[in-house]
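Chains as they are written, first to last, in the numbering used here: chain A, 7 to 340; chain B, 7 to 340.
Positions of the beta carbon are idealized from the N, C-alpha and C atoms, including for glycine.
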DNA sequence: CTGTTAGCGCATTCAC
DNA sequence: GTGAATGCGCTAACAG
């Protein structure tokens, strides 16, 4: 049995309130009593219990994190960042997965409330609008979503990607998305379109229409692919490689989100990374301000960062792949 | 303000005990009163609040999930499965990340206890031993870890991988691990070794010693690579491809864990998948039994499943890569 | 300045 | 069949 406030008080012959005062540093307590209490506390290894405190103060020190799909590969970094940001504010994190289902999302939020969460960080399902919660909430979605509180500058990320390719001499690109209905993907592609110079062109291809033939796109002149996710960039890269094309010599490839594998493939994947720590701490800070009774702060847009790796390179004078020598690698193992 | 038990009671002119009895279905209540209460409850949208209940019953309906590294790409599937299993038992999930640090792990567990978690599911840091918790706990690690409660049959997975390759005619393989200190990886590689036929050989290579030259390994006769994670298999596969070798014609590649990208690359990655739903529900069930006062159940070992995709194929009569025609892909886009 | 009292929301006695 | 009383662990307001 964990020691309770009452145990400390009884053993010391003082009241529970006195012990509580010592621990919270609030009420005035004599130095002698304070010393005794602190001693006993560390002796018994007392830790104030959550439920009692929550009941009394109306604050649980827990926040809910509602996600549309935990299995999304971007989630680990995100959850980790939120957990870290919350922990540094002394908060715990309760997770829930809505599986992309709006009614499950509403359910999940209800359950977080019921469990006593002080606030909710929510990444909404596509097309869902989160409205009038009886609770502090922070919405993380695309900037163009109404009610959004914190997000990455997806549009700016798209621009950076295209600008990088333009500098390398690319003028014919492919923009690769998964779903037209994703606001984040649309924002990214809009940013790409906006950055195209007058002499550059791009085709937009959606994976929801079926897997495109990347080698054929290259044969028709495209020298670069920008995908709205590293996952799709990886698909493009491996399709190109297994069709005998070389990245980046034949085609440059860029992704988004700097997923776990992106630095570990050959060539390393150039990508636009979200600043997860910044987004997470902004989201948690946003929540804390609401809890402190401040008005809902303005939306915060966090810039994305271009991480250049081996998958992008300058446009080469056109040499048909079959005429080029097969690249050789040094032998590292004796 | 959320409605309280007292609000329902007052509006109906009954006592809070009666309302509580109706909701829990325990004490005897007249059908008429029952109907009235249920009506009022759904009218006001009353939900029993967690903290009050937790304080009274000593059960919070929340379990803690302590992970060594949320950013591990295997985690999403795992967290999702645990969350689903917990939710179907009416439990919430509080997450914590120990960042591989044993003291942070202990801290995290303390905080879960403090927050009132009823039990803990823990994937321990490497080399950590979890001992005598004042709480129900389920440890998920390798089978060879003392105290382990639930895990995949990593050894059997290794065997399945090698058996698959032997059937395809492979006799010279490379086993690729990341860290010698990982019990899971060791178990997997032990299983691989155990399944080698007398005429087959394998070299074990560790990424912690530096990135090997996969093309050179192939030139010296290896026709297959089995990595202890899809992440490392992907590294091998892309290194081979960018060195001009073809998968699976020149070298077959197998990974572990069926990560999110594994089905989306070209060729699709053959892999050994963990049965996450089964592991998660076993872990949660294990916890529930302890909470119900049952003795700690025996450890449960869940089989792994071989998912064959395009990255493994039969050994071909040796044709040097440069003499083979460059593969062509059909054009899907008009 | 110190310590006692009251009550957060709920479920469980036990009288009626 | 129902209701009043009790206390889970803790802290805010109050009396000593």
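Between the segment 240-247 of chain A and the segment 203-223 of chain B, do at least 3 Cβ pairs fall closer than 8 Å?
Counting C-beta pairs closer than 8 Å gives fewer than three between the segment 240-247 of chain A and the segment 203-223 of chain B, which falls short of the contact rule.
Measure the alpha-carbon distance for residue 206 of chain A versus residue 288 of chain A and round it to whole angstroms.
Reading the first chain from its first residue, position 200 is the one you call residue 206 of chain A. Reading the first chain from its first residue, position 282 is the one you call residue 288 of chain A. Using only the alpha carbons, I get a separation of about 37 Å.
Return yes when the Cβ of residue 159 of chain B is within less than 8 Å of the Cβ of residue 310 of chain B, no when it is not.
Locating residue 310 of chain B in the second chain gives position 304, where the first residue counts as 1. Locating residue 159 of chain B in the second chain gives position 153, where the first residue counts as 1. With a cutoff of 8 Å on beta-carbon distance, residue 310 of chain B and residue 159 of chain B are scored as near each other.
Starting from residue 310 of chain B, trace the beta strand (DSSP E) both ways and give me its first and last residue.
In the second chain, counting from the first residue as 1, residue 310 of chain B sits at position 304. Unbroken run through residue 310 of chain B: none, as it is neither H nor E.
Compare the beta carbon distance of residue 275 of chain A and residue 236 of chain A with 8 Å and say whether it is the shorter of the two.
As a position in the first chain, residue 275 of chain A is number 269, starting the count at 1. As a position in the first chain, residue 236 of chain A is number 230, starting the count at 1. It is a contact, given that the beta carbons lie within the stated cut-off.
Straight-line CA distance for residue 186 of chain B to residue 234 of chain B?
Locating residue 186 of chain B in the second chain gives position 180, where the first residue counts as 1. Locating residue 234 of chain B in the second chain gives position 228, where the first residue counts as 1. Just so you know, the alpha carbons of residue 186 of chain B and residue 234 of chain B end up roughly 11 Å apart.
Between the segment 284-313 of chain A and chain B, which residues of the former have a C-beta closer than 9 Å to a C-beta of the latter?
Residues: none.
Within 8 Å of any Cβ in chain A, is that where the Cβ of residue 53 of chain B sits?
As a first step, residue 53 of chain B must be located in the second chain, where it is residue number 47. Chain A, which has a Cβ nearer than 8 Å to the Cβ of residue 53 of chain B, makes this yes.
When you compare only the Cα positions, how much space is there between residue 182 of chain B and residue 87 of chain A?
In the second chain, counting from the first residue as 1, residue 182 of chain B sits at position 176. In the first chain, counting from the first residue as 1, residue 87 of chain A sits at position 81. The straight-line gap separating the alpha-carbon atoms of residue 182 of chain B and residue 87 of chain A is approximately 30 Å.
I want to know whether the segment 136-150 of chain B touches the segment 162-177 of chain B - three or more CB-CB distances under 8 Å.
By the Cβ rule, the segment 136-150 of chain B does not count as touching the segment 162-177 of chain B, because fewer than three pairs are nearer than 8 Å.
So is residue 89 of chain B buried or exposed if we call it buried at 16+ other beta carbons inside 10 Å?
Residue 89 of chain B sits at position 83 when you count from the first residue of the second chain. Counting every other CB atom within 10 Å of its CB across the protein chains shown gives residue 89 of chain B a total of 16 or more, marking it as buried.
Which stretch, first to last residue, makes up the alpha helix (DSSP H) that contains residue 155 of chain A?
Numbered from its first residue, the first chain carries residue 155 of chain A at position 149. Taken as a continuous stretch (DSSP letters only), residue 155 of chain A belongs to no alpha helix (DSSP H), as it is neither H nor E.
Provide the residue span of the alpha helix (DSSP H) that contains residue 285 of chain A, from first to last.
By 1-based counting over the first chain, the position of residue 285 of chain A is 279. Looking at the DSSP string, the run of the alpha helix (DSSP H) that includes residue 285 of chain A is 282-297.
Using 8 Å for Cβ pairs, my map puts residue 85 of chain A next to residue 101 of chain B. What's the rounded Cβ distance?
Here residue 85 of chain A refers to the residue found at position 79 when the first chain is read from its first residue. Here residue 101 of chain B refers to the residue found at position 95 when the second chain is read from its first residue. That belief holds up - the Cβ atoms of residue 85 of chain A and residue 101 of chain B are roughly 7 Å apart, short of 8 Å.
Once the 5 residues before and after residue 15 of chain A are set aside, which same chain residues still bring their CB inside 6 Å of it?
Locating residue 15 of chain A in the first chain gives position 9, counting from the first residue. Cβ within range, chain order: 21, 22 and 25.
Chain A residues whose Cβ lies nearer than 8 Å to that of residue 68 of chain B
Residue mapping note: residue 68 of chain B aligns to position 62 of the second chain, counting from 1. The answer, in chain order, is 100 and 121.
Less than 8 Å between CB atoms is the rule here; does residue 9 of chain A satisfy it with respect to chain B?
Position 3 of the first chain, counting from 1, holds the residue named residue 9 of chain A. Put simply, the CB of residue 9 of chain A is far from chain B, with every gap to its CB atoms at 8 Å or more.
As assigned by DSSP and simplified to three states, the class of residue 113 of chain A:
Locating residue 113 of chain A in the first chain gives position 107, where the first residue counts as 1. Residue state, collapsed to three classes: helix.
Mind listing, in chain order, the continuous alpha helix (DSSP H) runs of no fewer than 4 residues lying wholly within the segment 193-228 of chain B?
Here the runs fully enclosed are 220-225.
Going by C-alpha to C-alpha distance, which of A:319, A:139, A:184 and A:133 sits closest to residue 126 of chain A?
Residue mapping note: residue 126 of chain A aligns to position 120 of the first chain, counting from 1. The option with the nearest alpha carbon to residue 126 of chain A is A:139.
Nearest to residue 177 of chain B by alpha carbon, out of B:308, B:227, B:313 and B:27?
Your numbering for residue 177 of chain B matches position 171 in the second chain. When only C-alpha atoms are compared, the closest one is B:227.
Classify residue 137 of chain B: buried if its beta carbon has 16 or more other beta carbons within 10 angstroms, exposed otherwise.
Residue mapping note: residue 137 of chain B aligns to position 131 of the second chain, counting from 1. Burial call: exposed.
Bridge partner(s) assigned by DSSP for residue 259 of chain B:
Within the second chain, numbered from 1, the residue matching residue 259 of chain B stands at position 253. Residue pairing by DSSP puts residue 259 of chain B in a beta bridge opposite B:231.
For chain B, is any of its Cβ atoms less than 8 Å away from the one on residue 61 of chain A?
Taking the first chain and counting its residues from 1, one reaches residue 61 of chain A at position 55. So yes, residue 61 of chain A belongs to the interface.
So the candidates are B:45, B:316, B:57 and B:96; which of them puts its Cα closest to the Cα of residue 253 of chain B?
Against the second chain, residue 253 of chain B aligns to sequence position 247. Per the Cα distances, B:316.
Could you tell me which residues DSSP puts in a beta bridge with residue 180 of chain B?
Residue 180 of chain B sits at position 174 when you count from the first residue of the second chain. According to DSSP, residue 180 of chain B bridges with B:209 and B:231.
Top-ranked residue by Cα proximity to residue 132 of chain A, from A:18, A:70, A:191 and A:97:
Residue numbering aside, residue 132 of chain A sits at position 126 when the first chain is read from its first letter. Of the residues A:18, A:70, A:191 and A:97, the one whose Cα lies closest to the Cα of residue 132 of chain A is A:191.
Contained beta strand (DSSP E) runs [length at least 3] in the segment 102-149 of chain B, N- to C-terminal order:
As summarised for the segment 102-149 of chain B, the continuous beta strand (DSSP E) elements at least 3 residues long and confined to that stretch are 125-128 and 142-145, given in chain order.
Exposed or buried, which one is residue 44 of chain B when buried takes at least 16 other CB atoms within 10 Å?
Against the second chain, residue 44 of chain B aligns to sequence position 38. Label assigned to residue 44 of chain B: exposed.
Count the other CB atoms within 10 Å of the CB of residue 68 of chain B; is the residue buried (16 or more) or exposed (fewer)?
As a first step, residue 68 of chain B is located in the second chain; it is residue number 62 there, counting from the start. Burial check for residue 68 of chain B: the Cβ neighbour count within 10 Å reaches 16 or more, so the residue is buried.
Should residue 319 of chain B be flagged as near chain A, meaning a C-beta pair shorter than 8 Å?
Here residue 319 of chain B corresponds to residue number 313 of the second chain, with the count starting at 1. With a threshold of 8 Å between beta carbons, residue 319 of chain B makes no contact with chain A.
Contact set between residue 152 of chain B and chain A, taken where Cβ atoms lie within less than 7 Å
Locating residue 152 of chain B in the second chain gives position 146, counting from the first residue. Under the 7 Å cutoff, chain A gives no residues; its nearest Cβ is about 25 Å from residue 152 of chain B.
Expected contact under 8 Å - CB spacing of residue 266 of chain B and residue 77 of chain A to nearest Å
Numbered from 1 along the second chain, position 260 holds the residue referred to as residue 266 of chain B. Numbered from 1 along the first chain, position 71 holds the residue referred to as residue 77 of chain A. Confirmed, about 7 Å.
Taking the alpha carbon of residue 111 of chain A as the point to measure from, which residue in A:151, A:80 and A:70 has its own alpha carbon closest?
Counted from its first residue, the first chain places residue 111 of chain A at position 105. Answer by Cα proximity: A:70.
Cβ-based neighbour list, residue 114 of chain A, same chain, cut-off 6 Å, excluding 5 preceding and 5 following:
Here residue 114 of chain A refers to the residue found at position 108 of the first chain. Answer for residue 114 of chain A: 72, 102 and 104, listed in chain order.
Give me, in chain order, the residues of the same chain whose beta-carbon lies closer than 8 Å to that of residue 189 of chain A; leave out the 5 immediate sequence neighbours on both sides.
Position 183 of the first chain, counted from the start, is the residue given in the question as residue 189 of chain A. These residues qualify, in order along the chain: 132, 147, 148, 150 and 151.
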